[in-house]
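Going line by line, the protein sequences match chains A and B.
At position 55 of the first sequence the residue is numbered 55 (our numbering), and the sequence of numbers has no breaks.
To convert, take the position in the second sequence, counting from 1, and add 1000; that gives our numbering.
Below is one structure, written out as structure tokens; the observations come after it.
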Amino acid sequence: MNDTRILLAVSTSRYSQHLVDLAMREAQRLSTETVCIDVLYILEEEDLQHISKRVGDQGFLGVSTTADVMSTLGAEHHRMAMLRIEEVKAAAATQNVTVSVKEVTGRFVDSVLQQASEAHYETILITRADRPFVSRILFGSEADRVARMVKREGLGHVIIDEDETA
Amino acid sequence: MHTRRLIALLAGPLLAALVTFMDTPAGLTLAGQRSLAVLALCVVWWVFTPVGLPVTSIMGLALLPLLGAMPAAEAFALFGNQAVFFVIGVFLVAAVMLETGLSSRISLICLRRLAKDENRICNGVLFVSWGLCAVVVSHAVAALMLPIVLELLRALNLGPRSNTAKRLLLSMAWGTVAGSNLSLLSSARATLSLELYGSYLADHSLPPAPIGFLEYSMGSAPVSLASVVIAAVVLRWAFPPEGIDLKPAMDRLNERVQSMGAISTRELTTLAVIAAMILCVIVYGREYGMGTVALLFSAILFSLQTLKWEDAERYVNWGVALMYGGAIAIGSALHSSGATSWLIATAMPTGNIGPTWTLAATATLTAGMTELVSNSAVIALLMPVMLPIADQVALDPRFVAWAAPISAGLAFVLPTSTPALAMVFGTGHLRIRHALPGILITIFSIIAFLLAVHFLWPMLGLPVTS
């Protein structure tokens, strides 16, 4: 028998307790015998590249300092990932939902699409990154891009959680 | 290439071409029109950064003679001025402080002394970050303090929902932002501002009135102090203590301090050379130029092997010299061609709002812009326009030389404003709404600045009106 699967794609800048709760509610709604939530934790390369650019190009600090900052932040991203994955596991344990975890490094859109193409997901849950509203209007949103591309490729149904409360 | 970047990349030259080939407006010289064309490109590229800030500067520098805005010899001569070399000296000081571990030692020892309870450890991070900026450029202080703060977070096992984690991170960022106004060593933007002010006086055949190291710091440090005190109050209010046990953090700090061992000869030499450099900049800076003194002591640091050239290359992004050299040349072209005077005469409302409101408007506009654009770029863009405006409203232009860099150091909210805020947002512990109380610090700091201008500066011999 095939499990019913939910993909919960999160990253350091795209995570909220509300999203985790939503994933649990979605698992209850589907309420088949076995529901599995696949947590895809993406360590977003672009986030770190943006910061690296600011430190180097705006702060005029050299390659060594910039590399130290990136390495420090990379380690903290990993620690945050572990803490958050534990939160998801704890929430799932109370709901009798199976959780599997995959940690990848890359771009958010590409990583979600790649994962979505590897298994059949009933629902793909994502949230938005914390960005000023104007910037989102002017330059678009990665979350919307994921939703569009998943729909175009027929890879499942995407729910974008609009509550960004961390 | 991202669409956003491509649009900005094309919009700059298109706008410059539009300004270049339009009919020359009455009252504007051809050189002035071409200078404005260069400014148009720089505005778009500095604001939207499709390329690095230094690249925009060198593009501007190349376009000045190519478009006939300024002779090549003059443009390139401006590139080698005192301010550029002083800024290089500022970054070399930061490099040697980081490389020798002296700055880490100072911050860890201070933190260990201050970390008695939750409030004190947070205030310790805030005030240590702020104080270090007196000697080390603020971005380098942020880079130095980030691993220390994250180590404390790990020792205390503070997760993404912890108020204390948020307070510690914002203490570091806001401490360095406030500290960037402490002295001319705290940020490079103040030196840029003073140089643009100096070139404005020279271009208008006005007698030179240089602002020295001590004079600048006496004007800016009180505002910086007010900002950091306001930040402490705001942080305490926005992130109340959670009653966590600080022992693991204390143990970690003790371990780190003990592992450093006794202070080395190299660290002591560094301390002595930097202290001598500051003293000489204060005493001889006006006579020989701050750049000259900075160069001399940089050479001493290298000669004593306190800093090696390969270390300097690793710790300093030499784009800083290109950015500042280009910005100074563009600013000078705008003044000497009469472009800014024409722009102000054409675009500025005729009513005179008076010196106080002009200062307030300058401070507010600069602080607002700095939330979105690099503070060096803000100074490079605003100073050439603000200086002639000051003249028109009977405000001594030297006050703009203070007001602009001080208020460009009052961006406490968005990650786009300074590398320090970008770093702490990059940890994933903070959302923009957590830094929104920073608006209060900006507002109260601007008020503190205006109060200092009216009540404190006259006592220091700096009257506000010309």
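Note that CB positions come from ideal geometry on N, CA and C, so glycine has one too.
Residue i versus residue j - alpha carbon distance
i	j	result
T1049(B)	D3(A)	48 Å
T1418(B)	A1142(B)	10 Å
E1310(B)	S64(A)	11 Å
M1022(B)	M1369(B)	28 Å
W1046(B)	R1236(B)	36 Å
H157(A)	A27(A)	14 Å
L1436(B)	V1413(B)	6 Å
L125(A)	T1416(B)	28 Å
T12(A)	Y41(A)	8 Å
S1341(B)	P1355(B)	18 Å
M1(A)	T34(A)	Legend: pLDDT at M1(A) = 47, less than 50; position of this residue unreliable, no value from coordinates given.
A1062(B)	E1074(B)	12 Å
I1441(B)	A1238(B)	12 Å
Y1315(B)	S1104(B)	15 Å
S1466(B)	P1397(B)	For S1466(B), the pLDDT reaches just 48, beneath the cut-off of 50, and the residue's location in the model is therefore unreliable, although a value from the coordinates is still provided. Using only the alpha carbons, I get a separation of about 8 Å.
Q58(A)	A92(A)	43 Å
V1233(B)	R1113(B)	21 Å
I1058(B)	V1453(B)	36 Å
N1119(B)	P1241(B)	7 Å
A75(A)	R148(A)	32 Å
K89(A)	Q95(A)	10 Å
Test item: CB-CB of residue i and residue j under 8 Å
i	j	result
C1110(B)	V1128(B)	yes
L1152(B)	A1249(B)	yes
L1301(B)	L1295(B)	no
G1032(B)	A1339(B)	yes
L7(A)	Y121(A)	yes
A1329(B)	A1380(B)	no
S1193(B)	A1404(B)	yes
V1228(B)	G1175(B)	yes
S1183(B)	S1217(B)	yes
A1448(B)	V1223(B)	yes
L1185(B)	A1140(B)	no
G1285(B)	V1293(B)	yes
G1219(B)	L1462(B)	yes
L1225(B)	T1269(B)	no
V109(A)	E142(A)	yes
T1364(B)	I1230(B)	no
G1409(B)	S1187(B)	yes
T72(A)	P1147(B)	yes
L1102(B)	E1255(B)	no
Contact list for residue i against chain A, beta-carbon separation under 7 Å
i	result
S1547(B)	Not covered by the structure: residue 1547(B). The range shown for chain B is 1001 to 1466.
G973(B)	There is simply no residue 973(B) to check, as chain B begins at 1001 and stops at 1466 in what is shown.
V1320(B)	F60
P1419(B)	R54, V55, Q58, G59
R1154(B)	R79
F1091(B)	F60
Contacts of residue i in chain B (Cβ-Cβ under 7 Å)
i	result
D169(A)	In the structure as shown, chain A starts at 1 and stops at 166, and residue 169(A) therefore has no counterpart that could be examined.
R148(A)	Those within 7 Å of R148(A) in chain B number zero; the least Cβ separation is about 15 Å.
I51(A)	A1422, M1423, G1426
Partner residues on chain A for residue i, Cβ-Cβ distance less than 8 Å
i	result
M1290(B)	Residues of chain A passing the Cβ test: none, with the nearest at roughly 18 Å.
V1316(B)	F60, L61, G62
L1098(B)	T65
Neighbour list for residue i in chain A, Cβ cutoff strictly below 9 Å
i	result
P1405(B)	Chain A residues near P1405(B): none, gap ~15 Å exceeds 9 Å.
L1150(B)	T72, L73, A75, E76, R79
P1240(B)	Here the premise fails: no neighbours, minimum Cβ distance about 18 Å.
L1041(B)	Chain A residues near L1041(B): none, gap ~18 Å exceeds 9 Å.
Cutoff 8 Å: residue i Cβ touching any chain E Cβ
i	result
E1313(B)	Considering every chain present, this structure includes no chain E. Its protein chains are A and B.
Residue i: contacting residues in chain B (beta-carbon distance under 9 Å)
i	result
H78(A)	Correct list: empty, because the minimum Cβ distance to chain B is about 10 Å.
V69(A)	A1142, A1143, L1146, P1147, P1419, M1423, G1426
Amino acids of chain B, ordered along the chain, whose beta-carbon sits closer than 8 Å to that of residue i
i	result
L83(A)	G1159, P1160
S13(A)	G1428
T105(A)	Within 8 Å Cβ-Cβ: nothing; T105(A) doesn't reach chain B, min ~15 Å.
*Touch test, the stretch 1252 to 1264 of chain B against the stretch 1202 to 1222 of chain B, Cβ-Cβ under 8 Å, three pairs minimum*: no
_Contact the stretch 46 to 60 of chain A vs the stretch 1190 to 1201 of chain B: 3+ CB pairs below 8 Å_ = no
_Those runs of the alpha helix (DSSP H) which lie wholly inside the stretch 1051 to 1136 of chain B and span at least 4 residues_ = 1053 to 1066, 1072 to 1079, 1082 to 1100, 1102 to 1114, 1118 to 1132
*Mind pulling the alpha helix (DSSP H) runs of 4 or more residues that sit fully within the stretch 48 to 124 of chain A?*
63 to 93, 108 to 118
*Mind the definition here: the stretch 1071 to 1086 of chain B touches the stretch 1107 to 1126 of chain B only if three or more C-beta pairs lie below 8 Å; say whether that holds.*
Contact between the stretch 1071 to 1086 of chain B and the stretch 1107 to 1126 of chain B is absent, because fewer than three Cβ pairs lie under 8 Å.
*So, do the stretch 1014 to 1028 of chain B and the stretch 1317 to 1325 of chain B have three or more beta carbon pairs nearer to each other than 8 Å?*
no
*Unbroken stretches of the beta strand (DSSP E), 3 residues or longer, contained in the stretch 1181 to 1249 of chain B*: none
_Contact between the stretch 1024 to 1039 of chain B and the stretch 1061 to 1074 of chain B is defined here as three or more beta-carbon pairs at a separation below 8 Å; is this criterion met?_
yes
*Curious, which full-length alpha helix (DSSP H) runs of at least 4 residues does the stretch 1366 to 1400 of chain B contain?*
The DSSP assignment places complete alpha helix (DSSP H) segments of no fewer than 4 residues inside the stretch 1366 to 1400 of chain B at 1375 to 1392, in order along the chain.
*At 4 residues or longer, and completely inside the stretch 1428 to 1460 of chain B: list those alpha helix (DSSP H) runs for me, N to C.*
1432 to 1435, 1438 to 1451
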